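Read through the structure below, which is laid out as C-alpha cells, and then see the notes.
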Amino acid sequence: MHTKTIAELAAGLRAKEYTSVELTQHFLNRIKNLDSQYNSFVSITEEIALAQAKEADERLAKGDANPLCGIPIAHKDIFCTNGVRTACGSKMLDNFIPPYDATVVENLRAAGAVMLGKVNMDEFAMGSSNETSFYGPVKNPWDTDCVPGGSSGGSAAAVAGLLAPGATATDTGGSIRQPASHCGLTGIKPTYGRVSRWGMIAFASSLDQAGVLTRSAEDAAIMLSAMASYDDKDSTCINQPTEDYTATLGNSLDGLRIGVPKEYFGEGLRPEIAEHVRTALKWYEGQGATLVDIELPHTHLSVPAYYVIAPAECSANLSRFDGVRYGHRCDDPKDLNDLYKRTRAEGFGDEVKRRILVGTYALSAGYYDAYYRKAMKVRRLIKQDFDQAFEKVDVIMGPTTTAPAFKFGAKGNDPVAMYLEDIYTIATNLAGLPGLSIPCGLVDEKPVGLQVIGKAFDEGKLLNVAHQYQLATDFHQLTAPGIK
C-alpha cells in the first residue's frame with residue numbers, strides 16, 4: 010500500500026480493498042520500523058491517527074466523503090496541533106502543547122485526512138538543509154549521507170521514504186521546492202495569502218506560505234484543494250473562493266507560453282541539471298507550448314534582499330519567546346534581564362541567533378534606511394520583473410536548485426554558501442507568486458527538480474503543467490535505492 014499515490018489509495022478505499030484503519034496502521038508500522046534511518050518524525054500520534062481513521066471509515070461507508078478522506082498524512086512541526094507538542098524544531102518550544110489546531114490542520118481534518126504525526130524541520134524554519142533542528146538532522150532517503158533540503162526536510166524525507174503518502178510543509182524562501190528537488194518529490198508553494206497562516210508559527214510573516222509535498226502533482230492538487238480557504242483569523246489571507254485543483258488537470262498544453270529566464274542558467278548551475286531542464290522544456294514544446302526567452306534582471310539581488318527582510322521579520326516575530334508566557338525558561342533567573350538573556354541563549358540554536366542578530370541590526374536606528382528600506386525597494390523591483398515577464402508568458406520554468414543534495418556538513422561552516430542554495434527559489438517568495446518543483450532527472454544518482462512559477466492564484470495551471478509532464482515521464486515514480 011505504501012507504494013501507491015494518494016489518488017490510488019483513495020480509489021482503493023472507495024473500492025473497499027482496505028479500510029482507513031488498516032491503511033493507517035500500515036504506515037504507523039513503517040514509521041516505527043524504518044524512521045530511525047531518516048529521523049523524519051519528531052512525534053508519532055498513533056492513538057489520534059487510529060481514532061481519526063475509524064471516523065474516516067464511517068464517513069466512507071456513508072458514501073459522502075472528500076477525496077482525501079481516510080488518507081494518512083504527516084504535518085510539519087510548524088503547524089499547531091491541539092494537544093500535540095508543536096516544537097518548530099527548537100528547544101525553545103520543546104514543551105509547548107497548543108490548545109488549538111492551525112487552520113491548515115483544521116481544514117485537512119475536516120476533509121477526513123488522518124494525522125500520522127509531526128515531522129522534523131530546521132529550527133523555526135531557518136535553514137536549507139534540515140541540519141539546524143534541535144532534534145537532529147533529517148537524512149535524505151536517496152542517500153542518508155546527504156541532506157534532504159530544508160526547512161521542510163522532515164516532510165520530504167517522510168514522503169520520499171514512503172512513510173507517509175503526503176505531508177504539509179512551508180516555504181519562506183524555497184523550503185518546499187528545494188527539498189522536493191533533493192528528494193524527488195512534487196512540492197508546491199501557493200500564492201501568498203492563498204492558504205491561511207493562522208496557527209503556523211511565524212518566521213517571516215510577509216514571506217511564509219503553507220503548501221504540500223507529495224509524490225505527484227495530482228496528489229498535490231488533492232491536498233491543496235482541501236487546505237486552501239479564506240480565513241478571517243488571518244489578516245493576510247485572500248478572500249477567494251475555494252478551488253478544486255483537480256478539475257483542471259486534463260487541460261491541454263497547446264499554446265502555453267513558457268518563459269525561460271537566462272538568469273537561471275548561468276554560473277553555478279551544474280551542466281547536467283541544465284541539460285535535464287532543457288530536455289523537459291523540449292518535451293513541452295512537443296506538446297504545443299512555445300518557449301520565450303525572458304529576463305529577470307534583479308534575480309542576483311534576491312538573496313541579499315531576502316537575507317535582510319527575512320531576518321528583520323524573524324527578529325520581531327521571535328521576540329515573543331522570552332520565557333515569560335510559554336516555552337523554555339531558564340532555571341533560577343536572578344532578575345528579569347537575566348531571565349530574558351539566559352532563556353533566549355539556551356532556547357535558540359546558532360542559526361536562529363544569527364538571523365535574529367542580523368535582523369535586529371538591519372532594523373536598528375541608523376541602519377533601517379541603509380538596509381531594510383533598501384531591501385524593500387529591491388523587492389519591488391523583483392516583483393516588477395515578474396509582472397513584466399508575465400505580460401509575455403503564462404508560466405516560467407527553470408531549475409529548482411544549482412546541484413543535487415549535498416553531504417552533511419559540507420556547507421555548515423559557510424552560511425553564505427548555504428544561503429545561495431535558494432538562489433532560484435527566493436525571488437518567488439519576495440514576489441508572492443506560486444511555484445512548484447517536480448522531478449526531471451537524476452544527477453549523481455540523486456534527483457533534481459524542474460521549477461515552474463506562475464501568476465498569482467494560478468496554482469491550477471501550475472499543477473496541470475506538472476501533471477501533464479508526469480503522465481509522460483516516470484521521474485516522479487522513482488524511489489530511493491533500497492526502499493521496499
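Just so you know, we're using the working numbering here: the sequence shown kicks off at 10 and counts up by one. Glycine is no exception: its CB is placed at the ideal position from the N, C-alpha and C atoms. A quick note: this is a predicted structure, and the numbers were derived from the prediction, not measured.
For P108 and D86, what's the separation of their Cα atoms in angstroms?
15 Å
Examine the Cβ distances between the segment 297-310 and the segment 346-363 and report whether three or more of them are shorter than 8 Å.
With the cut-off at 8 Å, the segment 297-310 and the segment 346-363 do not touch.
Under 7 Å between C-beta atoms of I267 and A229
no
Figure out for me which residue from D243, L265, A235 has the closest Cα to the Cα of T251.
For T251, the nearest C-alpha among the options comes from A235.
Among the residues of its own chain, which have a CB less than 7 Å from the CB of E140, if the five just before and after it don't count?
P146, V156, F417, G421
Unbroken alpha helix (DSSP H) run spanning F36, endpoints:
29-43
Less than 6 Å between C-beta atoms, sequence neighbours within five positions excluded: which residues of the same chain meet that for H35?
M10
Delimiting residues of the beta strand (DSSP E) encompassing F50
50-53 is the span of the beta strand (DSSP E), which, as asked, contains F50.
Of the choices G121, G98, N116, V269, whose alpha-carbon is the least far from that of N75?
G121
Determine the closest residue to P443 out of F415, L451, I405, with distance taken between C-alpha atoms.
The shortest Cα separation from P443 among F415, L451, I405 belongs to I405.
Just to confirm, is the Cβ distance from I231 to L77 under 7 Å?
yes
Segment contact, 8 Å Cβ cut-off, at least three pairs: the segment 426-433 with the segment 321-337
no
CA-CA distance, P306 and E272?
7 Å
Find out if the Cβ-Cβ distance for the pair R382, M135 is shorter than 7 Å.
no
Going by other Cβ atoms of all chains shown within 10 Å of its Cβ, with 16 needed for buried, is Y377 buried or exposed?
exposed
Check for me: the alpha helix (DSSP H) holding T177 runs from which residue to which?
T177: not part of any alpha helix (DSSP H); member of the beta strand (DSSP E) spanning 175-180, first to last residue.
Closest residue to A436 among E64, Q477, L37, Y201 (Cα-Cα distance)
Y201
Pick from I82, F395, D110, G79: whose alpha carbon is nearest that of V93?
D110
Jot down the residue ranges of each uninterrupted beta strand (DSSP E) in the segment 265-351, minimum 3 residues, whole runs only, in chain order.
The qualifying runs are 266-270, 299-303.
Report the three-state DSSP secondary structure of I15 (helix, strand or coil).
helix
Indicate the three-state DSSP secondary structure (helix, strand or coil) for N422 in the structure shown.
In the three-state scheme derived from DSSP, where H, G and I count as helix and E and B as strand, N422 is classed as coil.
Selected residue, minimal CA-CA separation from A379, among P456, S261, P313, G336
With distances taken between Cα atoms, A379 lies closest to P313.
Can you check DSSP and say which residues form a bridge with T195?
T223
For P76: DSSP bridge partner residues:
Its beta-bridge partners do not exist; DSSP assigns none.
Would you tell me roughly how many angstroms separate the C-alpha atoms of V221 and R334, rounded to the nearest one?
31 Å
Check whether the segment 52-60 touches the segment 21-39, counting contact only when three or more Cβ pairs, one atom from each stretch, lie closer than 8 Å.
yes
By a C-beta neighbour count over all protein chains shown, 10 Å radius and 16 as the cutoff for buried, is T12 buried or exposed?
exposed
C-alpha distance - L233 paired with P342, whole-angstrom precision
46 Å
Contacts around T367, its chain only, beta-carbon distance under 6 Å, and the 5 residues preceding and following it disregarded:
Here the sequence assigns Val to residue 367, which means Thr is not the residue at that position. Answer for V367: P320, listed in chain order.
Whole-angstrom Cβ separation of L125 and P81, contact assumed at under 8 Å?
5 Å
Per DSSP, which one or two residues make a beta bridge with V128?
F50, K85
DSSP-derived helix/strand/coil call for M406
strand
Contacting residues, own chain, Cβ-Cβ under 7 Å from C513 (five flanking each side not counted)
The structure shown does not extend to residue 513, since the chain is modelled only from 10 to 493, so the question has no answer here.
Determine which residues share a DSSP beta bridge with S446 and list them.
G196, Q460
Have a look at H476 and S225 and give me their C-alpha separation to the nearest angstrom.
7 Å
Would you mind reading off the limits of the alpha helix (DSSP H) that contains S164?
162-169
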